[in-house]
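So for the sequence shown, this note's numbering puts the first residue at 147; every next one is plus one.
The C-beta atom is built at its ideal place from N, Cα and C for all residues, glycine as well.
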Amino acid sequence: MATDYVAYGIYPHRTSFDTALEGLRAAGFRNSDISAILPERDRTAKDLAHEINTKAPEGIATGAGTAVGGVLGWLVGIGALAIPGIGPLVAAGPIVAALAGAGAGGATGGLVGGLIGAGIPEVEAKRYAGRIREGGYLVTVHCDDRDWAKRAEEILEATGGRDVVKTHEATPDYRP
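Listed below in structure tokens is the structure:
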């Protein structure tokens, strides 16, 4: 089923980020509809290079899953990415493909492009990219309808999310 709405927010601390993921899981959101980007502070560039070569975005990377642990391991497609100007990140969910598709491994604007590709408007994408550079944790929730989007927005706000927004995802103006 195609998703029509997205809710997203940024978290300044790992504890509130983990609380948000747990709240979304408890509310019945599908793990395949939740994306996350967080700074990777625990591993070296050598470890990240190994994971990129093992095509981590195509499935759950055992190394990343055990390194980040907790409720983050519930998400789909955990992978490690190195983005120029930002450094190493861990990403999970549908956003991994958007970041990889935007050339996050080599393009200067890869993070902003990936966020836009994940359904975040450009102005918000630039703001979130700045917050991620500063060590923030991003959560996005793709929702099937307005009611689920409102529920996601409420959970993100209640768990300490900042700049929480709910919006209708952009759709192409043509049908293939």
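Here D290 carries a coil assignment [DSSP, helix/strand/coil].
Between the alpha carbons of R297 and L261 lies a distance of about 22 Å. The three-state secondary structure of D179, taken from DSSP, is helix.
When beta bridges are read from the DSSP output, G155 appears opposite V285.
Comparing alpha-carbon positions, the option among V152, Y151, F163, D150 lying closest to Y283 turns out to be F163. Beta bridge pairing from DSSP links R308 with I156. Annotated as proximal: T286 and I266, with beta-carbon spacing under 8 Å. With contacts defined by Cβ atoms closer than 8 Å, D309 and G155 form a contacting pair. Closest in C-alpha terms to L184, from the list G263, G169, E303, I224, comes I224. DSSP, read as helix, strand or coil, puts L261 in helix. Here the C-alpha atom of A264 lies approximately 6 Å from the C-alpha atom of I241.
Between L221 and A244, the CB-CB gap reaches or exceeds 8 Å.
Judged by beta-carbon spacing, V236 lies beyond the 8 Å limit of E280, meaning their Cβ atoms are not closer than that value. Burial state of V269 is exposed, judged by a 10 Å Cβ sphere holding fewer than 16 other Cβ atoms. In the three-state DSSP reduction, L221 falls in the coil class, being neither helix nor strand. It is roughly 13 Å from the alpha-carbon of G276 to the alpha-carbon of Y157.
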